[in-house]
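Inspection log for the structure reproduced underneath, given as structure tokens.
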Amino acid sequence: MGQAYAVLVVGGGHAGVEAATAAARMGARTLLVTHNLDTIGQMSCNPAVGGLGKSQLAREVDALDGVMARAADRAAIQVRVLNRRKGPAVRATRAQTDRLEYRRAVQEAVLAQPGLEYLQSSVQRLWIEGDRVRGVVLPGEVALEARTVVLTTGTFLAGRVHRGSDREDAGRAGEAPSQGLAEWLRAQGFHVERLKTGTPPRLDGRSIDWQRLDPQPGEEPLPRLSAEPPERRLPQVPCYLTTTTPEAHQAVRSALDESPIFSGAIESAGPRYCPSIEDKVVRFPDREGHTVFLEPEGLHTPEVYPNGISTSLPGSAQEGLVRAIPGLEAARVTRYGYAIEYDFLDPRQLQPSLALRELDGLFLAGQINGTTGYEEAAAQGVLAGINAARRDQGAEPWWPSREEAYMGVLVDDLVTRGVDEPYRMLTSRAEHRLHLREDNAESRLAPVGRELGVVGDTRWQRFEAAQAELDQLLGILEGQWLDPQQVGADRAEAVIGGPLSKPSRLADLLRRPEVGLDQIARLSSIWELEGFSAEIRERAEIEVKYAGYIQRDRTEHQRLEAELDRPLPKDLEYRAIRGLSNEVVQRLEAARPGTLAQASRIQGVTPAALSLLRVHAKRRVG
Amino acid sequence: MSPRTIAAIATPPGKGGVGIVRLSGPLSRDIALALSGRRHLAPRYCHFVTFRDRHSQPLDRGLVIYFPGPHSFTGEDMAELHGHGGPAVLAGLLAAAREAGAEDANPGEFTERAFLHDRLDLSQAEAVASLIEADHDSAARAALRSLDGEMGRLVNELDEALTELRVFVEGALDFPDEDVDLLGEGQILERIDDLLGRLDRLRERAAGGVRLGRGYRVVLTGRPNAGKSSLLNALAGREAAIVTERGGTTRDVLRESVAIAGTPVELTDTAGLCEAEDRIEQEGVRRARETFYSADLVVFLVDAAVGWNEEDFAQWQRLPVDRRHWLWSKVDQAPKGVDGGGVSTVREGGLEPLTELLRTRLLDAEPQDALGARERHLEVLERARGHLETGRQAFAGYGSGDLVAQDLRWAQEALGEITGRLHSDDLLGRVFATFCIGK
Ligand SMILES: Nc1nc2c(ncn2[C@@H]2O[C@H](COP(=O)(O)OP(=O)(O)OP(=O)(O)O)[C@@H](O)[C@H]2O)c(=O)[nH]1
Ligand SMILES: [Mg+2]
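Heads up: the sequence lines are chains V and H, in that order. Sequential numbering from 1 applies to the first sequence in the numbering used here. Sequential numbering from 1 applies to the second sequence in the numbering used here.
Structure follows, in structure tokens:
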């Protein structure tokens with residue numbers, strides 16, 4: 001047995017892959033242990049990457065040179081940009097991918113990563129000495145020594161599947177649940193809770209009457225998630241839309257007494273943003289139909305994922321439901337839908353570095369922390385990988401703030417608020433949404449990523465070149481003036497829809513709502529403007545148009561947060577503060593906020609409660 | 001045994017112009033009725049009244065607010081008497097309350113009762129009042145001020161309307177595949193306008209309450225020697241300001257609290273307005289002008305013996321248009337033919353025209369439904385308004401949802417300084433409760 005590993009990652013899902021590759025990129029000697037090497041990069045649910053809030057996360061992972069976005073681009077078979085007209089801050093790319101191709105792309109990235117070793121084995125338990133981790137123990141009492149361990153084995157920890165009145169212990173469909181870890185965590189005195197989620201039945205595409213359905217094609221030219229242009233792309237296929245019917249709802253309603261959610265067999269909270277079809281039918285009885293998205297699982301499989309009808313009804317009722325949907329009258333179910341309950345660790349026990357507060361050297365990332373989604377898992381994976389490597393180097397932990405990245409929003413929400421449903425990123429969670437855009441993800445994070453050592457040379461060089469180009473264009477826009485005489489009233493009227501009353505900077509003209517960069521180029525006849533790529537031109541336009549708003553956002557933020565930017569003593573005795581309600585005391589004790597600002601985001605903390613905290617903190621700190 | 005009804009002066013001594021006598025217990029309402037001479041008190045409503053003692057002698061004018069239990073600060077029936085007078089007048093109010101059946105509260109007894117009645121949330125304020133006082137942390141103190149009554153209700157209503165709008169906007173942004181697209185339907189401008197209208201109305205009423213709470217600010221101005229200081233002395237009933245027959249006597253800003261038409265007025269004497277050469281006089285004029293910003297009324301005196309001249313006109317032009325008013329002074333010396341509408345400090349009844357002016361310009365113009373608000377609340381409402389306004393422009397101009405959404409968020413953050421923060425997760429909760437969302 002050789003020297004101790006710097007970072008040992010347990011689990012080969014999306015969090016584990018990003019953690020292991022990030023740590024290795026930072027030069028840490030890293031080992032990835034997973035129970036099955038062939039399932040590294042497996043998409044356990046619907047094979048799609050991106051969407052609101054999620055695409056921003058995927059791009060941030062990408063900006064730190066992560067794997068996810070590149071793999072998704074390579075495996076994409078239908079890509080759309082959502083919210084194109086609602087503004088760049090809420091624009092989100094969503095890629096339907098080929099499940100096999102995605103897995104292949106991820107595995108290639110893992111295999112190609114220098115400094116990363118891998119091992120197929122299950123993990124018996126963690127090896128702990130005192131209050132720090134020493135490594136892991138494999139079956140047969142084989143000890144593997146490591147200075148830090150990242151646990152990402154959360155995919156349905158101690159999972160219990162429900163379908164009708166059937167229940168069975170299982171991880172995700174067809175995999176063994178990791179019972180041991182959950183028990184171990186509980187035994188160590190960690191706070192472990194339960195969540196619930198569900199999936200729809202999968203269908204055999206060959207039995208679907210496609211002719212009757214509305215296709216939803218992807219966009220051309222093909223959008224991409226990674227800043228790194230892909231070498232090749234797969235042929236594109238459309239998704240299809242259909243809708244549930246009153247008959248389908250009737251099928252659901254008549255089977256409700258067999259639903260484990262309504263019978264009380266499942267008590268844990270499911271996600272509000274992803275209700276089961278049972279929930280939809282019960283809560284919105286007036287709706288005649290709910291949209292169903294028929295999404296292909298890949299190019300080489302006929303399986304189809306009917307997004308929108310997640311259910312845990314008995315198999316026969318699922319068939320009844322499916323067959324009452326137009327186009328699916330003869331559809332064959334290939335796998336039945338189910339609800340699954342699983343364990344997660346209350347993330348308020350973590351530091352924002354994703355290290356456990358009470359156990360030195362142990363990091364947690366992914367679904368084990370109560371999140372759902374590949375992107376959320378990947379974002380935590382990168383962060384945990386970086387911080388494990390930094391812990392090994394004896395460096396301070398790093399995490400982005402809420403103003404810098406969705407990643408920052410994610411960890412801050414997790415460690416201060418905790419979760420009571422599977423946590424999914426959405427753009428409305430970000431106060432600084434106007435700044436946290438897809439288009440500037442790399443500008444926001446690549447420089448710090450480079451400094452951390454997690455961004456490799458190839459990416460850095462390409463980023464620097466693009467950034468230089470952008471800066472050059474911005475320089476022209478801020479530096480060049482247009483004179484009314486030089487332009488002429490008629491031309492101004494024709495091109496930008498109004499006169500030029502005084503000499504103006506190009507950037508100021510561009511800030512007018514109705515004016516775009518193309519018009520500026522035409523009006524000014526500055527030939528250099530033509531030389532920039534469409535992508536750079538679009539980025540510059542957004543930067544200029546949003547600059548004022550983002551500045552205002554900053555000032556407003558500083559005004560509000562300046563007062564809250566005060567540290568709270570680590571050992572503040574909340575119970576001793578007279579006037580805080582019990583409920584608030586409990587929440588504060590669970591999260592132990594580091595600053596007043598964090599405290600202000602905890603549920604139930606009112607302005608009055610904040611004042612109490614402020615006064616006590618001040619008394620203590622002096 | 002029914003609990004005692006307790007009373008205490010709630011404002012810390014020497015802070016601000018308003019003093020509050022607070023009552024808690026079963027007799028609160030009766031005592032408030034007796035002192036205010038009213039037959040009925042609407043719950044949580046600011047009534048503007050004259051307080052009188054047992055012998056119907058007026059004590060002070062101010063606000064009375066009745067808070068029925070259990071949704072009051074202590075959980076019991078409560079009343080607040082807001083007076084303007086100094087410590088002596090407050091003590092008089094407290095004595096009258098005692099005569100009407102109240103007993104002096106022990107230190108901390110209000111807080112204690114609040115705890116006993118599980119009114120923990122609001123009692124937090126009182127529990128730490130002393131700590132905060134010691135810390136001189138004005139921001140914390142401001143945050144602690146509880147909002148009771150009509151004002152609180154209306155701000156919360158406004159906040160609720162804003163939440164509803166945000167539910168639609170955020171829903172449309174975060175769930176583009178669902179049919180909740182308010183942005184596309186263009187209703188959003190209408191709804192912002194509606195919010196703006198409500199906000200303006202609320203602000204007007206709150207501003208009225210703030211004025212009632214602190215008394216009116218009336219500034220006396222005019223050219224040197226116009227008779228400003230004499231008028232102040234006459235109204236104050238004492239020789240507060242130096243008066244000489246020479247112009248340029250007054251250099252500093254001088255304030256006197258007086259009662260005019262039964263209403264507390266803070267009267268301000270200032271240096272005469274002129275193009276001064278002298279450094280001291282210049283400074284005096286600068287200070288005089290500063291008082292105009294916060295004044296409710298600026299009274300410009302023109303010496304009737306001299307009449308309007310060019311310099312008067314020049315100075316008059318620079319006064320705040322909406323709050324300026326001019327009067328002749330020294331009308332006893334007016335040449336024949338000059339309109340009699342002016343004041344005289346030597347003639348019997350010579351002050352009546354000013355009293356009349358204050359009545360028509362201030363008292364009668366006051367909204368009848370003034371709210372118990374504070375300056376800080378006005379500032380917050382003003383800020384919220386600014387955000388709604390820019391949001392409106394952004395949406396009208398760019399038509400994109402992300403900008404207007406941010407303005408709505410800031411508007412709500414501003415209101416949150418009164419109502420408490422709405423966390424984005426709670427907003428999402430509302431989105432999910434309103435729409436059937438999710439794949
Ligand atoms: N007859 C008569 N004389 C008055 C009246 N009011 C003021 N005076 C006289 O006018 C002169 C100036 O009065 P002040 O009150 O000092 O005037 P002011 O406007 O304060 O002057 P500055 O402070 O120098 O700007 C004094 O001699 C007063 O006695 C009045 O109503 N009638
Ligand atoms: Mg004077």
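Glycine included, every Cβ here is placed at the ideal spot set by N, Cα and C. Just so it is clear, the structure is predicted and the values come from calculations on it, not from any experiment.
With contact defined as three or more Cβ pairs closer than 8 Å, the stretch 91-110 of chain V and the stretch 475-494 of chain V are not in contact.
Of the residues assessed, Pro-335(H) falls on the exposed side of the cut-off, its CB having fewer than 16 other CB atoms within 10 angstroms.
Distances from the alpha-carbon of Arg-283(V) to those of Ala-433(H), Ala-79(H) and Ala-32(H) put Ala-433(H) closest. Contact residues of the stretch 422-433 of chain H toward chain V are His-423, Ser-424, Asp-425, Asp-426, Leu-427, Leu-428, Gly-429, Val-431, Phe-432 and Ala-433 (C-beta to C-beta distance below 9 Å). Between ligand 2 and the CB of Lys-228(H), the shortest heavy atom gap is smaller than 6 Å. In the three-state reduction of the DSSP assignment, Trp-210(V) falls in the helix class, which pools H, G and I.
Set against 6 Å, the gap from the CB of Thr-268(H) to the closest heavy atom of ligand 2 is not smaller. Assigned with DSSP and collapsed to three states, Lys-196(V) falls in strand. Interface annotation, Glu-556(V): in contact with chain H, CB-CB separation under 7 Å. Take the alpha-carbon of Glu-157(H) and the one of Gln-107(V): they are about 55 Å apart. In the DSSP assignment, Glu-101(V) falls within the alpha helix (DSSP H) that extends over 99-112. DSSP links Phe-48(H) through a beta bridge to Leu-63(H). In the DSSP assignment, His-35(V) is bridged to no other residue. Boundaries of the beta strand (DSSP E) harbouring Glu-117(V): 116-120, taken from the DSSP string. For Thr-427(V), the residues of chain H that pass the 8 Å Cβ criterion are Leu-173 and Asp-174, in the order they occur in the chain.
Sorting Glu-99(H), Gly-101(H), Phe-48(H) and Ile-188(H) by C-alpha distance to the C-alpha of Leu-81(H) places Phe-48(H) at the top. Remark: the C-beta of Thr-250(H) is in contact range of ligand 2, defined as less than 6 Å to any heavy atom. A straight line joining the alpha-carbon of Arg-450(V) with that of Tyr-549(V) spans about 28 Å. For Glu-170(H), the residues of chain V that pass the 7 Å Cβ criterion are Ser-428, in the order they occur in the chain. Taking 7 Å as the cut-off, the beta carbon of Leu-294(V) is found no closer than this to the beta carbon of Val-281(V).
It is roughly 12 Å from the alpha-carbon of Gly-197(H) to the alpha-carbon of Leu-189(H). For Ala-146(V), the enclosing beta strand (DSSP E) stretches over residues 142-151. Close to Tyr-45(H), with beta-carbon spacing below 9 Å, lies no residue of chain V; the smallest spacing is near 23 Å. For the pair Glu-60(V) and Tyr-574(V), the CB atoms are not nearer than the 7 Å cut-off. Taking a beta-carbon distance threshold of 7 Å, Asn-83(V) counts as an interface residue toward chain H.
Just so you know, the alpha carbons of Thr-93(V) and Ala-58(V) end up roughly 10 Å apart. In this structure Thr-148(V) is not in contact with Ala-19(V), their Cβ atoms being roughly 10 Å apart against a cut-off of 8 Å.
Between Gly-342(H) and Trp-328(H), the CB-CB gap stays under 7 Å. Residue pairing by DSSP places Arg-94(V) opposite Gly-50(V) and Arg-80(V) in a beta bridge.
According to the DSSP assignment, Tyr-423(V) belongs to no alpha helix (DSSP H), since it is labelled neither H nor E. For Met-43(V), same chain residues with a beta-carbon under 8 Å away, outside a window of 5 residues either side, are Thr-97, Arg-99, Tyr-102, Arg-103 and Tyr-374 in chain order.
Within 6 Å of the C-beta of Asn-225(H) there is at least one heavy atom belonging to ligand 1.
The CB of Ile-437(H) comes closer than 9 Å to the CB of Arg-272, Tyr-273, Cys-274 and Pro-275 in chain V, given here in chain order. Among the residues facing chain V, Trp-308(H) is not included, as its CB has no counterpart in that chain under 7 Å away. Cβ neighbours of Leu-199(H) within its own chain (closer than 8 Å, five residues either side excluded): Leu-158, Leu-381, Ala-384, Arg-385 and Leu-388.
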